[in-house]
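Contents: one structure, followed by commentary.
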Amino acid sequence: MPFFHRLLGVLSLTLLPSLGWAQPVEADHETHQIEPGTPELILSGIYSIPLGWDGPMAPGHEVHLTYWVTHKLGGGFSYTTRYEGHLAHDIALIGSWNAAHWLTVNTGPNFGLANEERPFELGLYLETECNWRLTDWFHLGPVVGWVFGEHSELNTGIQVGFEF
Numbered sequence: 370m371p372f373f374h375r376l377l378g379v380l381s382l383t384l385l386p387s388l389g390w391a392q393p394v395e396a397d398h399e400t401h402q403i404e405p406g407t408p409e410l411i412l413s414g415i416y417s418i419p420l421g422w423d424g425p426m427a428p429g430h431e432v433h434l435t436y437w438v439t440h441k442l443g444g445g446f447s448y449t450t451r452y453e454g455h456l457a458h459d460i461a462l463i464g465s466w467n468a469a470h471w472l473t474v475n476t477g478p479n480f481g482l483a484n485e486e487r488p489f490e491l492g493l494y495l496e497t498e499c500n501w502r503l504t505d506w507f508h509l510g511p512v513v514g515w516v517f518g519e520h521s522e523l524n525t526g527i528q529v530g531f532e533f
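By the working numbering, the letter at position 69 of the sequence shown is numbered 438, and the numbering carries on one by one without gaps.
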């Protein structure tokens, strides 16, 4: 895929969450806030696109486990697996911020685990999730994430989340 097409795709997916799902909050509109002490499990189906290197585009899965310390800040970990002709596994330690009732930002160090095809890699993980709340404990929506490192990549997909 030519670099221009990848760049256009990255820019489109970067702007999509902030433009497409921005919801104005009216004064009488009640919004859901995560209660402090709430654990959250998120399952995502993703598609990985290499950025700036000649790797394969690959489907994968992602699991987040986050503990919300306040209604705005939490922490946890993310496990990602992708099928690139072989299985590639990453673990990220994440700090989470509810930027709005419909938008979560996750960031932290990413550890690409070594296998027969690649060495251990250290990178930076950054992800945004749009959360369409169907109940107080269940949400779903699009997810866009990036891993910045020696083999940078863009991950995009759909997530479902459960708060306990």
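Note that CB positions come from ideal geometry on N, CA and C, so glycine has one too.
Figure out for me which residue from the options has the closest Cα to the Cα of residue i.
i, options, result
"Thr450", "Trp471, His430 and Glu532", "His430"
"Asp505", "Thr439, Pro408, Phe531 and Trp466", "Phe531"
"His455", "Leu442, Pro428 and Gly445", "Pro428"
"Gly514", "Phe507, His520, His508 and Thr525", "Thr525"
"Glu498", "Glu519, Pro405 and His433", "His433"
"Ile411", "Pro405, Ser447 and Glu404", "Ser447"
"Ile527", "Pro405, Phe480, Gly510 and Glu404", "Gly510"
"Glu519", "Glu490, Gly445 and Glu409", "Glu490"
Cα separation between residue i and residue j?
i, j, result
"Pro488", "Leu482", "7 Å"
"Leu565", "Glu485", "The structure shown does not extend to residue 565, since the chain is modelled only from 370 to 533, so the question has no answer here."
"His440", "Ala468", "10 Å"
"Trp466", "Gln402", "12 Å"
"Trp437", "Tyr452", "31 Å"
"Glu496", "Val474", "6 Å"
"Thr407", "Thr435", "8 Å"
"Pro339", "Ala457", "Because the chain is modelled from 370 through 533, residue 339 falls outside the range shown and cannot be assessed."
"Tyr416", "Tyr494", "16 Å"
"Trp471", "Asn500", "5 Å"
"Leu523", "Gly443", "23 Å"
"Pro405", "Val512", "23 Å"
"Gly414", "Phe480", "20 Å"
"Phe507", "Ser521", "31 Å"
"Glu395", "Phe533", "For Glu395, the pLDDT reaches just 47, beneath the cut-off of 50, and the residue's location in the model is therefore unreliable, although a value from the coordinates is still provided. Cα to Cα, Glu395 sits roughly 28 Å from Phe533."
"Gly445", "Glu409", "9 Å"
Which partner residues does residue i have in the DSSP bridge list?
i, result
"Ala483", "Beta-bridge pairing links Ala483 to no other residue."
"Leu490", "The identity of residue 490 in the sequence shown is Glu, whereas the question assumes Leu. Answer is Gly481, bridged to Glu490."
"Phe533", "For Phe533, which the question treats as bridged, DSSP gives no partner whatsoever."
"Ser447", "His433 and Ala461"
"His508", "Arg502 and Gly530"
"Val474", "Trp466 and Thr497"
Contact check, residue i vs residue j under 8 Å by CB: the rounded distance?
i, j, result
"Phe517", "Gly492", "6 Å"
Cβ pair count under 8 Å reaching 3, the region 458-470 against the region 415-426:
no
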